[in-house]
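Numbering (this note's numbering), first residue to last: 3 to 446. All remarks here apply to the structure that follows.
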Amino acid sequence: MSVPEAIREFDGVDLASLADAYGTPCYVYSASHCRAQYEALSSALANTNHTICFAVKANSTLGVLRLFAELGAGFDIVSGGELARVLEAGGTASKVLFSGVGKRTDEIDFALKAGIGCFNVESVPELMRIEARARLLNRTAPISVRVNPEVDAETHPYISTGLKENKFGVPAAQAKEMYLHARDSDVLNVVGLDCHIGSQITKLAPFQEALAKMVELIDELQHAGIEIKHLDLGGGLGVDYDGTAGINVQAYGKAIAQGLEGRKLHFMLEPGRFLVANAGLLLTRVEYLKPSPAEGYKNFAVVDAAMNDLIRPALYEAWHEVVPVADSIDLSEAPEAAKLANWNLVGPVCESGDFIGHDRQLALREGTLLAVRSAGAYGMVQASNYNSRTRAAEILVDNGSHHSIRDRETLNDLLGPERAALARKDKADAQQSPTATPISGSSN
Ligand code: LLP
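Below you can see the structure in the form of structure tokens.
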């Protein structure tokens, strides 16, 4: 195993200076990379009338959403919170698709009032609830039914969604009944058909299979007098994490054009990872080295990022490349201090599952700055405060410029909501205490 080459700059910005300025751990996103990915996908689909709806779940930071809004992207959301983010970031409501199996009434109302482009409906009761809310609010609800195409995406079981055993979507036969109901409804407006088969798909075949099945279903629906205007094939376009090629976007574009040939369908897609994964990295510094003290022990490098910052390795055994950041420490001054070894990079969280990467050949010493690559998708969005760790800062770099787009959380951010709640409780207790009647009182 060879030592990975050091990285110095990201989108024209010196990473070591960035770490000094903003502290670690911190996420860094390249605006240029996001734009390049969007343009690559858009041009691969140039022959198809299409809308790219960024899956907000992959990275929901306002500064990132704004970038896609400026490119004219639509958005795929799964909650009222994500809708609020899209609107705040300047996204266009009519280009918003609302996916997810558990849309609450208040979220449906919010989306109806905002005038979103389409509800991707995942069950019969959800369709009924959307219809009832639309009637109550005197609105029309644009809908698409999410069909489970029963296609094996050949990806990690946790991120595979198009199989019978998954909770998502409905079978084609049930979808037809839902469309018939919607067709005859005064407040439901059938606009599309959608599916999503999984995530991190690097082969073309599963997409082609799903597309063929969807097109067939659209034809059947047409015969039943139901007109589908758009086909939404979901997201799932895989990227390169470890040197294995991601989806070939040109080939994807061609396959879509072929699959839709001769039809007037508008094509929608919901990529998340493809647009942002490799636009992001997580900067982290080595806190302590614990080289193996005896036979059978491992070499541990404890870094300042943990599973609460990036849970993908712990949750999916995901592999993220970790590279040293050039000039973070002048190793020429103390070459003997950097220990070249096979390191297990672990975080400070009290769990054995807390790791960033195992068996990494690196020359490390206390203070070495590392970049965890491909961390732009499902990184910060899955961060938590576990172990009462404050969440990292996020920095947007863009052709030489850098700005914080989310400041590092402070202890006040961490404690504030609890302090406020406890203060109310204490006040209420104080008002009640002298004469308060016990809830479960004394006997007789
Ligand atoms: N549309 C729907 C309905 C989805 O459920 C998803 C992802 C996407 C679009 C976007 O998929 P993408 O293009 O990003 O593959 N946390 C996991 C990934 C979970 C994906 C969930 N759904 C991870 O870190 O790998």
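Beta carbons: idealized from backbone N, C-alpha and C, even for Gly. It should be emphasised that the depicted structure is a prediction, and the values quoted were computed from it without experimental measurement.
Would residue i be called buried (16 or more neighbouring beta carbons within 10 Å of its own) or exposed?
i, result
"Glu396", "buried"
"Asn446", "Any answer about Asn446 is weak, because its pLDDT of 48 lies below 50 and its placement is not dependable; what the coordinates show is given next. Asn446 should be labelled exposed."
"His232", "buried"
"Cys352", "exposed"
"Val5", "exposed"
"Arg146", "Residue identity differs from the one stated: residue 146 is Ser in this sequence, not Arg. Per the 10 Å Cβ criterion, buried."
"Lys105", "buried"
"Ala48", "exposed"
"Asn301", "buried"
"Gly93", "buried"
"Thr204", "buried"
Quick check on this structure: which residue in the options has the alpha carbon closest to the alpha carbon of residue i?
i, options, result
"Ser19", "Gln433, Asp428, Ser403", "Ser403"
"Pro144", "Gln176, Gly274, Tyr181", "Tyr181"
"Asp154", "Leu284, Ile220, Glu109, Gly238", "Gly238"
"Ser1", "Ile249, Gln433, Gly194", "Residue 1 lies beyond the residue range present for the chain, which begins at 3 and ends at 446; the question has no answer from this structure."
"Thr53", "Gly236, Val147, His405, Ser81", "Gly236"
"Tyr24", "Val304, Val399, Pro293, Ala57", "Val399"
"Val126", "Val88, Asn310, Ala174", "Ala174"
"Thr50", "Ala134, Glu263, Arg87, Ser406", "Glu263"
"Lys115", "Tyr388, Tyr299, Ala86", "Ala86"
"Ser390", "Phe269, Asn414, Glu133, Leu267", "Asn414"
"Gly261", "Phe121, Glu109, Lys215", "Lys215"
"Gly381", "Lys169, Ala257, Asp111, Gly274", "Gly274"
"Ile79", "Leu69, Leu64, Arg68, Ser101", "Ser101"
"Ser406", "Ile230, Arg10, Val30, Glu11", "Val30"
"Ala134", "Ala177, Gly418, Ser187, Leu67", "Ser187"
"Glu11", "Gly74, Ala281, Asn122, Ala423", "Ala281"
To the nearest angstrom, how far is it from the Cα of residue i to the Cα of residue j?
i, j, result
"Leu206", "Ala340", "44 angstroms"
"Tyr40", "His183", "37 angstroms"
"His225", "Glu218", "11 angstroms"
"Gln384", "Gly227", "43 angstroms"
"Asp428", "Glu368", "45 angstroms"
"Val324", "Glu297", "26 angstroms"
"Ala343", "Leu366", "8 angstroms"
"Ala259", "Leu416", "49 angstroms"
"His35", "Ala60", "15 angstroms"
"Asp361", "Asn346", "5 angstroms"
"Leu139", "Leu129", "15 angstroms"
"Ile358", "Asn401", "28 angstroms"
"Leu371", "Thr286", "6 angstroms"
"Glu72", "Gly83", "20 angstroms"
"Ile313", "Glu319", "9 angstroms"
"Tyr388", "Leu43", "36 angstroms"
"Pro295", "Phe209", "50 angstroms"
"Asp234", "Ala394", "34 angstroms"
"Val288", "Gln363", "14 angstroms"
"Asn191", "Arg185", "7 angstroms"
"Ala38", "Arg426", "50 angstroms"
Could you give the residue range of the alpha helix (DSSP H) that holds residue i?
i, result
"Val324", "No alpha helix (DSSP H) contains Val324, which is instead part of the beta strand (DSSP E) from 324-326."
"Ser19", "17-24"
"Leu139", "126-139"
"Asp78", "No alpha helix (DSSP H) contains Asp78, which is instead part of the beta strand (DSSP E) from 76-79."
"Asn414", "413-434"
Taking 8 angstroms as the cut-off, decide whether the C-beta atoms of residue i and residue j are in contact.
i, j, result
"Thr107", "Arg131", "yes"
"Ala379", "Val251", "no"
"Cys55", "Leu271", "yes"
"Gly349", "Ala308", "yes"
"Ile118", "Ala95", "yes"
"Leu284", "Val374", "yes"
"Asp306", "Thr26", "yes"
"Trp321", "Asp242", "no"
"Val193", "Val172", "no"
"Ala432", "Ala8", "no"
"Leu76", "Val98", "Checking the displayed sequence, the identity of residue 76 turns out to be Gly instead of Leu. The answer is yes: Cβ separation under 8 angstroms."
"Thr392", "Glu420", "no"
"Ser32", "Asp13", "yes"
"Ser81", "Glu109", "yes"
"Ser376", "Asn310", "no"
"Leu1", "Ala303", "What is shown of the chain runs 3 to 446, which leaves residue 1 out entirely."
"Pro151", "Ala212", "yes"
Specify, as a first and last residue, the run of the beta strand (DSSP E) that residue i falls within.
i, result
"Ser34", "Where Ser34 is concerned, there is no enclosing beta strand (DSSP E), although the alpha helix (DSSP H) it sits in stretches over 33-46."
"Tyr290", "282-292"
"Met270", "268-271"
"Thr107", "No beta strand (DSSP E) contains Thr107, which is instead part of the alpha helix (DSSP H) from 107-116."
"Arg362", "357-366"
"Leu190", "190-196"
"Phe170", "No beta strand (DSSP E) contains Phe170, which DSSP labels as neither H nor E."
"Ala395", "395-400"
"Val374", "371-374"
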